[in-house]
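A.B. asks: If you're matching them up, the sequences are chains A and B in order. Quick note on our numbering: the first sequence kicks off at 2 and runs consecutively. Quick note on our numbering: the second sequence kicks off at 2 and runs consecutively. Note that beta-carbon positions come from the ideal geometry of N, C-alpha and C, so glycine has one too. Before anything else, here's the structure in question.
Number of protein chains: 2
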Amino acid sequence: MSGQFDSIESILEKHIPKEERKDIWRVLYGKELRNLKIPDKAETLAAEKNFEISGYVFEAQTEELRAPRIVRVGAIQNQIVAPTTATVSEQRSALHKRICEIIEAAALCKVNILCFQETWPMPFAFCTREKYPWSEFAECPYTGPTTSLMQEMALKYNMVIISPILERDEVHGNILANTAVVISNSGKVIGITRKNHIPRVGDFNESTYYMESNLGHRIFQTQWGKIAINICYGRHHPQSWMMYGINGAEIVFNPSATVGNLSEHLWPIEARNAAIANSYFTCAINRVGTETFPHEFTSGDKKPAHKNFGHFYGSSYIAAPDGSRTPGLSRNKDGLLVVEMDLNMCRQVKDTWGFRMTQRLELYASSLAEAIKEDYSPPVFKE
Amino acid sequence: MSGQFDSIESILEKHIPKEERKDIWRVLYGKELRNLKIPDKAETLAAEKNFEISGYVFEAQTEELRAPRIVRVGAIQNQIVAPTTATVSEQRSALHKRICEIIEAAALCKVNILCFQETWPMPFAFCTREKYPWSEFAECPYTGPTTSLMQEMALKYNMVIISPILERDEVHGNILANTAVVISNSGKVIGITRKNHIPRVGDFNESTYYMESNLGHRIFQTQWGKIAINICYGRHHPQSWMMYGINGAEIVFNPSATVGNLSEHLWPIEARNAAIANSYFTCAINRVGTETFPHEFTSGDKKPAHKNFGHFYGSSYIAAPDGSRTPGLSRNKDGLLVVEMDLNMCRQVKDTWGFRMTQRLELYASSLAEAIKEDYSPPVFKE
């Protein structure tokens with residue numbers, strides 16, 4: 002199930018002759034993308050610190066009345082660093098240190114908006130169903146140590162940072178939440194958003210720890226454009242993607258943690274479909290590597306108890322409103338994906354395809370209002 | 002842009018070594034499918050009449066309290082037969098004859114539910130913007146010649162037939178509509194449904210001819226399960242797919258007509274994403290071949306006037322609720338795709354993934370009700 006091969010794209014590149022690769026690429030990935038030149042210093046840092054780095058450019062048409070709105074987006078995927086048996090402080094510090102190394106490379110690549118994987122300062126321990134020590138990783142999204150460090154980074158590198166963490170909401174009964182903190186390039190917290198859809202599948206026992214977001218579908222206005230964050234399992238819900246589009250997002254990040262056979266064939270489909278359907282950019286980021294826990298747990302799949310969650314297959318990628326996408330990062334290795342995009346493409350694709358114009362939201366507002374009634378009777382035609 | 006290579010899958014098969022093909026296949030296509038044995042008589046007929054025929058099986062788990070609900074679904078893609086300069090009667094008769102040849106093969110394969118491409122008894126003439134002679138292809142969906150012939154076929158072969166046509170609605174002002182007629186295996190018309198989303202892109206000038214459906218998202222109860230039809234451009238609208246799911250569809254057909262560079266990289270994504278998001282089977286059917294018209298037309302793309310619509314790239318496929326999919330039919334050739342599926346998979350995937358349970362329709366009903374108001378103010382957070 003796991004790890005050996007590095008990426009689908011590397012297999013295609015290795016075996017498909019150049020002429021046919023063009024056909025394959027056009028149908029499977031859309032318009033071919035120009036490579037973004039990665040600065041030598043960033044390449045060197047990546048080699049030294051053992052992470053992948055790759056860059057692409059999504060181009061838009063030029064317009065007369067609007068200047069291009071160029072933004073460089075960075076996506077980081079990474080393994081945990083310290084073993085899960087280390088103290089909470091040690092585990093978190095090791096991740097803080099690691100992410101700062103990769104942020105430095107992102108800064109060298111002139112990234113404007115950077116996003117990490119879901120609950121990045123901790124292992125994805127929700128498979129265990131143990132409340133401690135894992136709940137101790139939860140932090141205040143405004144004053145916690147991770148936010149403080151990321152505020153420092155954001156200011157230092159003039160970069161918007163999206164930092165997905167496990168939140169402790171001290172004001173509202175000390176509950177936990179799966180949260181993304183959006184930090185401006187000024188170093189200030191613009192706001193937070195929470196995971197709208199919580200899984201109950203396989204080892205994703207997150208509903209044991211926190212509830213669905215009560216914060217709706219927020220948009221964050223940054224210096225470089227309007228962004229939103231559809232955390233992990235919201236990827237499977239087209240309605241969640243839709244509301245971010247309706248609310249005006251131009252880039253929607255999908256910080257995730259997903260493993261193995263159950264989801265790997267869905268991964269290239271869902272965030273990309275959302276980019277197409279909503280005429281915005283999507284950025285799908287997955288953890289990478291295998292996380293092993295101190296105590297064994299079962300998975301509701303009749304198999305014997307075990308201590309690891311399976312292989313997080315990385316493969317982070319970015320998709321554009323025109324349906325084209327970047328290759329994925331490695332399935333096995335830490336990585337930084339840097340993409341330069343012109344946000345003008347969003348409105349251009351809307352003008353071309355007209356998906357928003359033809360969307361008939363009034364129809365769906367009234368259909369849904371009916372459908373949620375207990376006595377709803379679907380229009381079923383019989384002979 | 003067009004035609005030469007036959008399918009993505011044939012290129013992969015030719016070049017990727019067996020061991021790596023397994024990895025590629027799992028990630029790009031999901032669980033590997035068993036081939037369905039096509040009867041010799043059907044193979045012979047296909048060879049004689051020059052169409053492709055291929056078959057696959059989607060298997061579900063066995064349950065204690067429910068017997069498997071096996072159904073064989075057929076999808077037919079075809080070129081037009083007579084030139085567009087022939088009379089309306091000649092063009093339609095030639096297509097009637099051709100489709101009956103392929104239906105015979107479907108019957109030999111014991112297909113239970115069969116669907117054709119969008120407005121199958123005519124060329125896709127909407128690119129021309131000429132009202133005549135093309136409007137003459139419109140028929141009454143209850144009493145027209147195409148429905149009569151398909152009723153005969155349905156009864157003869159004990160087969161549900163979904164027949165997408167250009168409709169003339171004589172009762173309501175003689176308007177045209179893009180319609181699918183659902184004919185029971187008893188030969189009776191169960192009902193009709195219409196295209197909910199009409200394109201305004203490239204040469205898809207359909208909004209010149211007919212309006213959006215006023216019939217909502219109907220479901221048809223057949224002997225073999227509940228089906229729905231999301232015609233062509235509804236493929237790009239996740240809300241349309243969603244309502245068919247909410248209303249109980251187990252298989253949603255997507256009879257289409259789509260060409261070239263604009264959409265070919267979206268084709269493998271959208272119907273498959275819908276199968277995943279809604280835990281039902283989807284069946285995406287595209288025209289095949291190039292249709293040339295008598296008078297030249299322009300495409301709003303600054304290019305000189307021309308007489309053909311571009312290459313309809315076929316590639317019809319079926320996707321399952323678990324995200325697996327069949328290979329596509331040829332990009333260049335008429336074809337019949339036969340798939341045996343166990344409809345029990347729909348509820349099983351719902352039980353496993355829980356997308357419906359976690360869908361939060363109440364949230365989206367209220368969010369949409371707000372969003373459609375003229376004075377809606379999206380929740381945008383600024384520094």
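Taking buried to mean at least 16 other C-beta atoms within 10 Å of its own C-beta, is L66/B buried or exposed?
C.D. replies: exposed
A.B. asks: Helix, strand or coil for V172/A, going by three-state DSSP, please let me know.
C.D. replies: V172/A falls in the coil class under three-state DSSP.
A.B. asks: Out of curiosity, what's the CA-to-CA distance linking V112/A and L330/B?
C.D. replies: 43 Å
A.B. asks: Of the choices I162/B, R201/B and E371/B, whose alpha-carbon is the least far from that of Q222/B?
C.D. replies: Of I162/B, R201/B and E371/B, the residue nearest in Cα terms is I162/B.
A.B. asks: Whole beta strand (DSSP E) runs in the stretch 222-293 of chain A with 3 or more residues, listed along the chain?
C.D. replies: The DSSP assignment places complete beta strand (DSSP E) segments of no fewer than 3 residues inside the stretch 222-293 of chain A at 226-230, 252-256 and 282-286, in order along the chain.
A.B. asks: Within the 8 Å Cβ cut-off, does D302/B reach chain A?
C.D. replies: no
A.B. asks: Please classify P122/A: is it buried, with 16 or more other beta-carbons within 10 angstroms of its beta-carbon, or exposed?
C.D. replies: buried
A.B. asks: What residues of chain A sit near V381/B, judged by a beta carbon separation below 9 Å?
C.D. replies: Near V381/B (Cβ distances below 9 Å), the residues of chain A are R219, I220, F221, Q222, K227, N248 and G249.
A.B. asks: Determine, using beta carbons only, whether I25/B comes closer than 8 Å to chain A.
C.D. replies: Closer than 8 Å to some Cβ of chain A, the Cβ of I25/B qualifies, so yes.
A.B. asks: By the criterion of Cβ-Cβ separation under 9 Å, what are the contact partners of S317/B in chain A?
C.D. replies: Neighbours of S317/B on chain A: none; closest Cβ ~14 Å, over 9 Å.
A.B. asks: In this structure, how does DSSP classify K390/A when only helix, strand and coil are distinguished?
C.D. replies: As displayed, chain A neither begins before 2 nor continues past 384, which places residue 390/A out of reach and without an answer.
A.B. asks: State yes or no: is the C-beta of G56/B within less than 8 Å of the C-beta of N36/B?
C.D. replies: yes
A.B. asks: What residues match up with P69/A in a beta bridge as DSSP calls it?
C.D. replies: Note: P69/A sits in no beta bridge, so no partner.
A.B. asks: Just confirm the distance between the C-beta atoms of R130/B and T209/B, as a whole number of angstroms; I'd bet it's less than 8 Å.
C.D. replies: 5 Å
A.B. asks: Can you tell me whether E265/B is buried or exposed, with buried defined as 16 or more other CB within 10 angstroms of its CB?
C.D. replies: With at least 16 other beta carbons inside 10 angstroms of its own, E265/B counts as buried.
A.B. asks: Do you know how far the Cα of V28/A is from the Cα of D204/B?
C.D. replies: 20 Å
A.B. asks: Return the first residue and the last residue of the alpha helix (DSSP H) that L34/A is part of.
C.D. replies: Premise fails: L34/A is in no alpha helix (DSSP H) and is neither H nor E.
A.B. asks: On the CB-based measure, 16 or more other CB atoms within 10 Å of its CB, does K196/A come out buried or exposed?
C.D. replies: buried
A.B. asks: Is the distance from the Cβ of A285/B to the Cβ of N262/B below 8 Å?
C.D. replies: No, the pair does not count as a contact, with Cβ atoms beyond the cut-off.
A.B. asks: Quick check for students: name the residue ranges of the beta strand (DSSP E) that lie wholly in the stretch 189-213 of chain A, counting only runs of 3 or more.
C.D. replies: Whole beta strand (DSSP E) segments, 3+ residues: 190-195.
A.B. asks: Please list, in chain order, the residues of the stretch 329-356 of chain B that have any C-beta partner in chain A closer than 7 Å.
C.D. replies: T353, W354, G355 and F356
A.B. asks: If you draw a straight line from the alpha carbon of M2/B to that of R332/B, how long is it in whole angstroms?
C.D. replies: Bear in mind that the predicted position of M2/B carries a pLDDT of just 41, short of 50, making it unreliable; the figure below should be weighed with that in mind. Approximately 12 Å, taken between the alpha carbons.
A.B. asks: Give the C-beta separation of M346/B and P322/B to the nearest angstrom, bearing in mind that I take them to be a contact with Cβ-Cβ under 8 Å.
C.D. replies: 5 Å
A.B. asks: Taking only beta-carbon positions, decide if S3/A is within less than 8 Å of chain B.
C.D. replies: Annotation note: pLDDT 46 at S3/A (below 50); position unreliable, coordinate value reported separately. Answer no: the Cβ-Cβ gap between S3/A and chain B never drops below 8 Å.
A.B. asks: Measuring alpha carbon to alpha carbon, tell me which of G246/A, T327/A and V381/A ends up nearest F356/A.
C.D. replies: G246/A is the residue among G246/A, T327/A and V381/A whose C-alpha sits nearest the C-alpha of F356/A.
A.B. asks: Hey, A327/A and L34/A are a contact pair by Cβ (cut 8 Å); roughly how many whole angstroms apart?
C.D. replies: In the sequence as presented, Ala is not what sits at residue 327/A; that position holds Thr. With 8 Å as the limit, T327/A and L34/A qualify as a contact, their Cβ atoms being about 6 Å apart.
A.B. asks: Put R326/A into one of helix, strand or coil per three-state DSSP.
C.D. replies: strand
A.B. asks: Would you report the Cα separation of W268/A and W26/A, rounded to the nearest angstrom?
C.D. replies: 18 Å
A.B. asks: Specify the secondary structure class of Y365/B as computed by DSSP and reduced to three states.
C.D. replies: helix
A.B. asks: Mind checking which residues open and close the beta strand (DSSP E) that includes C392/B?
C.D. replies: A query on residue 392/B cannot be resolved here, the shown segment of chain B reaching from 2 to 384 and no further.
A.B. asks: In three-state DSSP terms, what is E119/A?
C.D. replies: Assignment of E119/A by DSSP, reduced to helix, strand and coil, places it in the coil class.
A.B. asks: With a cut-off of 8 Å on the beta carbons, I'd call P386/A and I220/B a contact; round off their distance for me.
C.D. replies: Nothing can be reported for residue 386/A: it is not among the residues displayed for chain A, which extend from 2 to 384.
A.B. asks: Cutting at 7 Å between CB atoms, please list the residues of its own chain near Y377/B, excluding the five before and the five after it.
C.D. replies: E371
A.B. asks: Do E137/B and V89/B have their beta-carbon atoms positioned less than 8 Å apart in this structure?
C.D. replies: One thing to note: V89/B has its Cβ within 8 Å of the Cβ of E137/B.
A.B. asks: I need the boundaries of the alpha helix (DSSP H) containing N345/A, first residue and last residue.
C.D. replies: N345 to W354
A.B. asks: Work out the CA separation of I17/A and S11/B for me, nearest whole Å.
C.D. replies: If I take the Cα positions, the gap works out to 12 Å.
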